[in-house]
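Colleague: Could you have a look at this structure, given as structure tokens, before my questions?
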């Protein structure tokens, strides 16, 4: 049974005033609230309104999906669109001005939290609904309140917890400070336990019809609990595990004298493992399965693509339609495929003498070369690139550290190559060896320069060099020299369903309505695998079993078969691959982390993972590496250059693990403990 919610932004359905300050009470007329909650219809409208605060993790333009190009998995070609370059380079501050401040969600999340609390306080006035339905609706509000606290926590670190109360009438900003990490985690987890107890397993239990699909269920609460406890156990939130930044964080005390960040506690991984297993043991979800394909490889690609393309599929535990921001008639998008939206910014422009359209694709968002390098090889199952040589602190993407046993080659060409996924109609062509033999997710997420765009409506290759008379090749009209769009040489197709037309307005606004899988079973499997490798009584077999479930869905062999030289059970034993030595436990940790990157590529998870693992300082610093987009022939295209895209170097320091508390908040809370590095 699927548990999702079809909704738009319903704020207009119920006018709710918002406070200027997150700790001010909105003195709404009590009689008016009592009237609202005395009726089933308006109570349900209020509940719908609570969902309207969900973050826009699927929106890289204007939503919380900004963490995709902020991380090392994507680049954004609109160089004039300031937030991306500034965030990527670390050129931002606590000042509440400029375009970067738009990603400050502090106030909005506290407004959402307050509205959830109001609903919980008044829902029992709805006598037109049964006690069972009222209990379930209160649990939904409790779940959403916990989720909104988590949204604050992942961005700012520990925040102020108000509990079941609205902010007190006499709250004084000078006396407010953040609760500790453990107080944040304990509260969110306890709320989710309460919500899970009262939430239905299926919506039919409370008489909800399909129009309410997407409301929170027990599984949604347990899935969020799994994610929260994995965060809680990870180095950033768990004493840095003896890391060199431990004192920077654990020395922080709040206004009340409490240590904000805890010392390391390995048993937190035990809790994380148990929480993930609770979701698995529900037995209500399965990894997506294929619905098309002429061979095993194509079926593996179909299974992975169905995570997005099969609406409310068996893998999605909880999710939402792309919510949209702002207007629906231009400017901002309502659907992922709509004009101006994420997908519109990833598809190449293909002018055709037989198709007339006023829509010119932008292809502004692209995968990074690091994202391209991350995917494993299909035959060996090994991850080809283990890292990069450094130029000072910065990763040199022209010098990857390659695992020779993976079967990956950084040079040369394959003649008469057959594109393996979504292009059975395409003739063979010459493909660069870096693009050959990758796993099914690679071809489901990325279209390399020189490949055919997966559309039988277009039937053209997209190639970035200019000198060609091949009628099957099109050079994107909006090339980077004139419009500063796809500078990299790879296109993102993660949200593009093969053979979808982009010609009429209806193609944009109607055909591309996909559900964003906020929580899905693959994440729970990898949460469990990670926790089993780290917990006090390490369970290698369980860890590998659930890691392999995700790998096998994409057609890969098991991790033991892929890496027979590693004795995974011997945690302290050391194995060297391509000159890199790690303990066997560290190798398994790295494989799980790499698998998360490939599995959730461009799903707004990478940045938070890199932060909680405290790897971003090592991984992010990098120039804006691209293919040789100034090449005059195809053969010269596949040379990596860092001097074409006029973008600042990506950088990251310890202060960037958390977004700063913005100055407007600090003006209200003058004694609030700022995040490390932003003091």
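Numbering (our numbering), first residue to last: 402 to 1080.
The beta carbon of each residue, even a glycine, is placed where N, CA and C say it ideally should be.
Is residue 1080 helix, strand or coil when you go by DSSP?
Modeller: coil
Colleague: Which term fits residue 791, buried or exposed, when burial requires 16 or more other beta carbons within 10 angstroms of its beta carbon?
Modeller: exposed
Colleague: Do residue 889 and residue 927 count as a contact pair if the criterion is CB distance below 8 Å?
Modeller: no
Colleague: Cβ of residue 688 within 8 Å of Cβ of residue 954?
Modeller: yes
Colleague: Assuming residue 921 is part of the alpha helix (DSSP H), what are its boundary residues?
Modeller: Per DSSP, residue 921 belongs to no alpha helix (DSSP H); it is in the beta strand (DSSP E), 916 to 921.
Colleague: Please check the pair residue 803 and residue 785, which I expect to be a contact at CB under 8 Å, by giving their CB distance rounded to whole angstroms.
Modeller: Contact flag correct, Cβ pair sits at about 6 Å.
Colleague: Which residue spans inside the segment 465 to 538 form an unbroken alpha helix (DSSP H) run of at least 4?
Modeller: If we require 4 residues or more, the alpha helix (DSSP H) runs fully inside the segment 465 to 538 come out as 468 to 471, 483 to 490 and 507 to 523.
Colleague: Nearest-angstrom Cα distance between residue 710 and residue 1071?
Modeller: If you take the alpha carbons of residue 710 and residue 1071, they lie about 48 Å apart.
Colleague: Can you tell which of 996, 891, 764 and 1050 has its C-alpha closest to the C-alpha of residue 797?
Modeller: 1050
Colleague: Could you say which of 644, 826 and 994 lies nearest to residue 1055 if we only look at CA atoms?
Modeller: 644
Colleague: Round the Cβ separation of residue 840 and residue 1028 to the nearest angstrom and send it over; I've been treating them as touching at under 8 Å.
Modeller: With a Cβ gap of about 21 Å, residue 840 and residue 1028 do not count as contacting.
Colleague: Could you give the distance in angstroms between the alpha-carbon of residue 983 and the alpha-carbon of residue 652?
Modeller: 30 Å
Colleague: Using alpha carbons as the reference points, say which of 598, 894 and 1037 lies closest to residue 1002.
Modeller: 894
Colleague: Any idea what DSSP makes of residue 778, helix, strand or coil?
Modeller: It is a strand residue.
Colleague: Locate the beta strand (DSSP E) running through residue 585, then write down its first and last residues.
Modeller: Where residue 585 is concerned, there is no enclosing beta strand (DSSP E), although the alpha helix (DSSP H) it sits in stretches over 582 to 599.
Colleague: Do the segment 828 to 839 and the segment 1004 to 1019 touch if we need at least three Cβ pairs shorter than 8 Å?
Modeller: no
Colleague: What's the C-alpha gap between residue 734 and residue 479?
Modeller: Reliability of the predicted coordinates at residue 734 is poor, the pLDDT of 38 falling under 50, and the value obtained from them is presented with this limitation in mind. The alpha-carbon atoms of residue 734 and residue 479 are separated by roughly 17 Å.
Colleague: Give me the Cα-Cα distance between residue 542 and residue 923, rounded to the nearest whole angstrom.
Modeller: 26 Å
Colleague: Anyone know if the C-beta pair for residue 452 and residue 461 falls short of 8 Å?
Modeller: no
Colleague: So, at 6 Å on beta carbons, what are the nonlocal neighbours of residue 539 in its own chain, with the 5 sequence-adjacent residues on each side left out?
Modeller: 521 and 524
Colleague: Could you give the DSSP three-state label for residue 1063: helix, strand or coil?
Modeller: The three-state secondary structure of residue 1063, taken from DSSP, is coil.
Colleague: Could you spell out the range, first to last residue, of the beta strand (DSSP E) harbouring residue 719?
Modeller: First-last of the beta strand (DSSP E) with residue 719: 717 to 722.
Colleague: Assign residue 826 to one of two classes, buried (16 or more other C-beta atoms within 10 Å of its C-beta) or exposed (fewer than that).
Modeller: exposed
Colleague: Within a Cβ cutoff of 8 Å, which residues of the same chain sit near residue 421, ignoring the five residues on either side of it in sequence?
Modeller: A caution first: residue 421 carries a pLDDT of 40, below 50, which makes its placement in the model too unreliable to give a value.
Colleague: Applying the criterion that 16 or more other CB atoms from any shown protein chain within 10 Å of the CB defines a buried residue, is residue 444 buried or exposed?
Modeller: The residue in question, residue 444, is buried, as its Cβ has 16 or more Cβ neighbours within 10 Å.
Colleague: For residue 937, does the three-state DSSP call read helix, strand or coil?
Modeller: Here residue 937 carries a coil assignment [DSSP, helix/strand/coil].
Colleague: What three-state label does DSSP hand residue 792 in the structure shown?
Modeller: strand
Colleague: My assumption, with CB atoms under 8 Å, is that residue 605 sits in contact with residue 618. Please give the rounded CB distance.
Modeller: About 11 Å; that fails the 8 Å criterion.
Colleague: Mind checking whether residue 620 and residue 683 have CB atoms under 8 Å apart?
Modeller: Yes, the Cβ-Cβ distance between residue 620 and residue 683 is below 8 Å.
Colleague: Where do the N-terminal and C-terminal ends of the beta strand (DSSP E) with residue 831 fall, by residue?
Modeller: 830 to 833
Colleague: Mind reading off the beta-carbon distance from residue 969 to residue 989? Whole number of angstroms is fine, and I expect it under 8 Å.
Modeller: The beta-carbon distance between residue 969 and residue 989, rounded to whole angstroms, is 5 Å. This is short enough to meet the 8 Å contact definition.
Colleague: Let me confirm a value: residue 1080 is counted as buried when at least 16 other C-beta atoms fall within 10 Å, else exposed. Which label applies?
Modeller: Exposed is the label assigned to residue 1080, since fewer than 16 other Cβ atoms lie within 10 Å of its Cβ.
Colleague: Where does residue 443 sit, in a helix, a strand or coil, going by DSSP?
Modeller: DSSP places residue 443 in helix when its eight states are reduced to three.
Colleague: Give me the residue from 1053, 1031 and 847 with the minimum Cα distance to residue 1043.
Modeller: 1031
Colleague: When burial is assigned at 16 or more other CB atoms within 10 Å of the CB, is residue 793 buried or exposed?
Modeller: exposed
Colleague: Residue 447 and residue 510 look like a contact to me (Cβ under 8 Å); what is the Cβ gap, rounded to whole Å?
Modeller: Residue 447 to residue 510, Cβ: 18 Å. No contact.
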